[in-house]
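Here the structure comes first, spelled out in structure tokens, and everything after it is commentary.
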Amino acid sequence: MTNLVLFGPPGAGKGTQAEILKEKYKLIHISTGDVFRYNIKNETELGLSAKSYIDKGQLVPDEVTINMLNAEVDKNEGANGFIFDGFPRTEAQADALSVLLKEKNTEVSAMIALEVEDQVLVERLLERGKTSGRADDADEEVIKNRIKVYYDETAILKEYYKKQDKYYGIDGVGSIDEITQRLSAVIDELMKK
Ligand code: ADP
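Quick note: the sequence shown, position 114, residue 169 per the numbering used here, numbers continuous.
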């Protein structure tokens, strides 16, 4: 199995690239943000517990997020592999992912990070907010908080995967196609192993 963690700050382009890569490499794309939004829209219990955090640009608590991720992975028995988009975001989530994949006799193949400077992120998210209907994209303070939470709580995962020799950084500025090519170069190498 090939299990990719697509990493980077909010607005780095993870979702856009994951949609392309899942077709190209026949992988299952799990976006924790999308699963939360689906649950909020359908007013499920999970959606209700996640909404207050998401609206403020905070992380949803680990326990809720990890249980949700486990359930999503279990829905896809027999998959070729996964693209995790928006997960893990904390060390506890990274540990949980490792346990989960080990139970399936597999592991994280790589963390591939899209590197984009903050100024560009804020501009992209405000632009997306005009059409995405996402409340967390419409408010500059919430956007800034999401970027802050990324640096305070999530960015440490770069070291986590570096220690395992699984970290690959990619320049996330360029056309969608250029970035897909940069990501593909890394994934093609991984698949040869
Ligand atoms: P972005 O990367 O653009 O911030 P996402 O769609 O990945 O957007 O996530 C939206 C929100 O969902 C996050 O701001 C956070 O509140 C919540 N969320 C998503 N993934 C996680 C996670 N792994 N752990 C905790 N909260 C999460």
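By construction, the Cβ of each residue, glycine as well, lies at the ideal position given by its N, Cα and C atoms.
- At the C-beta level, glycine 68 and arginine 179 come within 9 Å of one another.
- Annotated as proximal: isoleucine 85 and phenylalanine 137, with beta-carbon spacing under 9 Å.
- Here the stretch 214 to 224 makes contact with the stretch 158 to 174; the two share three or more CB pairs at distances below 8 Å.
- Going by C-alpha positions, glycine 88 is about 9 Å away from glycine 70.
- In this structure, the C-beta of lysine 248 stays at least 8 Å away from each heavy atom of ligand 1.
- Within the stretch 129 to 169, the complete alpha helix (DSSP H) segments at least 4 residues long are 146 to 158, listed from N- to C-terminus.
- Glycine 188 has its CB no nearer than 8 Å to any heavy atom of ligand 1.
- The stretch 174 to 238 is shown to contain whole beta strand (DSSP E) runs of 3 or more residues at 222 to 226, in chain order.
- Around the CB of glycine 229, fewer than 16 other CB atoms lie within 10 Å, so the residue is classed as exposed.
- With fewer than 16 other CB atoms across the displayed protein chains lying within 10 angstroms of its CB, isoleucine 231 is exposed.
- With a 10 Å radius around the Cβ and a threshold of 16 neighbouring Cβ atoms, glutamine 174 comes out exposed.
- The beta-carbon separation of isoleucine 109 and glutamine 148, rounded to 16 Å, does not stay under the 8 Å limit for a contact.
- Looking at the DSSP output, leucine 61 bridges to Asp140, Ile167.
- Less than 9 Å divides the Cβ of threonine 145 from the Cβ of threonine 209.
- Scanning the stretch 76 to 124 for uninterrupted alpha helix (DSSP H) segments of 4 residues or longer gives 87 to 96, 100 to 111, listed from N- to C-terminal end.
- Under the Cβ criterion (8 Å, minimum of three pairs), the stretch 127 to 136 does not count as touching the stretch 109 to 119.
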